[in-house]
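Engineer:
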Amino acid sequence: MRFALLLAVSLLAACQAAPTKPNPPPAAVVTVPVATYVPIDAQLRKRCKWVKEAAPSAVFEVSNGRKRCLLQYEAQLDGIDQVQGKPVPDSP
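FYI, the numbering for the sequence shown is -17 to -1, 1 to 75, going by mature numbering (1 follows the signal peptide of the UniProt record, and there is no 0).
(1) Nearest to residue 33 by CA position, among -14, 52, 42, 60, is which residue?
(2) So for residue 45, helix, strand or coil by DSSP?
(3) Leaving aside the five residues before and after residue 37 along the sequence, list all residues of the same chain whose C-beta is less than 6 Å from its C-beta, in chain order.
(4) With distances taken from CA atoms, which of 47, 19, 5, 29 is nearest residue 62?
(5) In whole angstroms, give me the CA-to-CA distance for residue -8 and residue 12.
(6) Below 8 Å between beta carbons: does that hold for residue 55 and residue 23?
Here it is, written out as structure tokens:
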């Protein structure tokens, strides 16, 4: 009888409530600045077309077409360099 009583008391003593966890602190709101850049105009991104394959006798026309496109692309890149990398001014 004593043994059963000691066994019951020891088992009940081991069944204590689990410790309560404290509530986590509230989440902090972090504001991150975001830079908005000026969009590049579609005219500055326009592709150039030239004849890529032609007869061997048309080598000068193909070469002139490629040179024309190269000059156009360089002019477009100059225009993009003037616009790109500048953040949009904040409007009040």
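Glycine included, every Cβ here is placed at the ideal spot set by N, Cα and C.
Structural biologist: Reading it off the structure:
(1) 52
(2) helix
(3) 45
(4) 29
(5) 49 Å
(6) no
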